[in-house]
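For what it's worth, this note's numbering labels the leading residue of the sequence shown as 107, then goes sequentially.
Built from N, CA and C at the ideal position, the CB exists for glycine as well.
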Amino acid sequence: MKLSAIAVISAFVAVTSAATTPVSLGTTVQSIMNDLTQIGAQFQAIDTLLNGFPANGVDAANEIHEHDAQNHVLFVQINDNLGLLPSPVPEADVKKIVAAYNAFTPTIIDTLTQIATKAPDFESIGVAPTIQNDLILSDASCKNFRILVEGMTPPFMSAAVTNMFTSIDTARDNAIAAFSS
């Protein structure tokens, strides 16, 4: 069966157009919001597992690792999507992103604090290197997220956003340090 030149050209134009069609601002922001919802759920799951740790043992530690790995993927996706947003990002969208992240910031801090406190328990069951590695890997993507969000934050929100991220970074640094001692 021969393909006509018109069919080939039409297919090429359709594929090229689809590949170069920009994603809308609304779609990108919605994708970011969906990923933030999933990240919040992952942190809640980790926090719940930590509440029962070390009694729930190696299985819980493995689940914590799985949830953290998923968060890492989600943060990379969010960072990619944040890079697609126009500059300046509309203030309403920045407020939505910050509010969504801030809503589960206490859970993130509690999770990281529990990990730091329970570092000896992770060590006793032989999973400390995995948990420490998860913390180190998440550090980079979370700090990239911070840089991107702070870069788009309006001046009147800067202090609150910086404080939010600083408290998380401090808790993460403490958790990493707990595995280094």
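With DSSP run on the structure shown, which of helix, strand or coil describes residue i?
i, result
"residue 228", "helix"
"residue 161", "coil"
"residue 264", "helix"
"residue 255", "helix"
"residue 193", "coil"
"residue 233", "coil"
"residue 244", "helix"
"residue 130", "coil"
"residue 137", "helix"
"residue 286", "helix"
"residue 271", "helix"
"residue 149", "helix"
"residue 181", "helix"
State the CB to CB distance for the pair residue i and residue j, rounded to an integer number of angstroms; the pair is presumed to be in contact (CB under 8 angstroms).
i, j, result
"residue 77", "residue 216", "The requested residue 77 is not part of the displayed model; the chain covers only 107 to 287."
"residue 188", "residue 278", "At roughly 19 angstroms, the Cβ-Cβ gap does not stay under 8 angstroms, so residue 188 and residue 278 are not in contact."
"residue 167", "residue 214", "That pair is no contact at about 19 angstroms."
"residue 211", "residue 258", "With 8 angstroms as the limit, residue 211 and residue 258 do not qualify as a contact, their Cβ atoms being about 18 angstroms apart."
"residue 176", "residue 148", "5 angstroms"
"residue 268", "residue 256", "7 angstroms"
Are there 16 or more other CB atoms within 10 angstroms of the CB of residue i, so buried, or fewer, so exposed?
i, result
"residue 287", "exposed"
"residue 136", "exposed"
"residue 199", "buried"
"residue 164", "exposed"
"residue 242", "exposed"
"residue 130", "exposed"
"residue 253", "exposed"
"residue 231", "exposed"
"residue 193", "exposed"
"residue 228", "buried"
"residue 262", "exposed"
"residue 134", "buried"
Taking 7 angstroms as the limit between beta carbons, can you name the residues of its chain near residue i, skipping five residues before and five after?
i, result
"residue 225", "234, 284, 285"
"residue 139", "202, 206"
"residue 195", "258"
Report all residues from its chain with a CB closer than 8 angstroms to the CB of residue i; omit the five preceding and five following residues, and keep chain order.
i, result
"residue 250", "181, 185"
"residue 220", "153, 156, 157, 159"
"residue 222", "277, 280, 281, 283, 284"
"residue 247", "178, 181, 182, 185"
"residue 197", "260"
Taking 6 angstroms as the limit between beta carbons, can you name the residues of its chain near residue i, skipping five residues before and five after?
i, result
"residue 174", "240"
"residue 146", "210"
"residue 169", "155"
"residue 244", "178"
Given the structure, does residue i come close to the ligand HEM, in the sense that its CB is under 6 angstroms from one of the ligand's heavy atoms?
i, result
"residue 158", "Here there are no bound small molecules, and the ligand HEM is not part of this structure."
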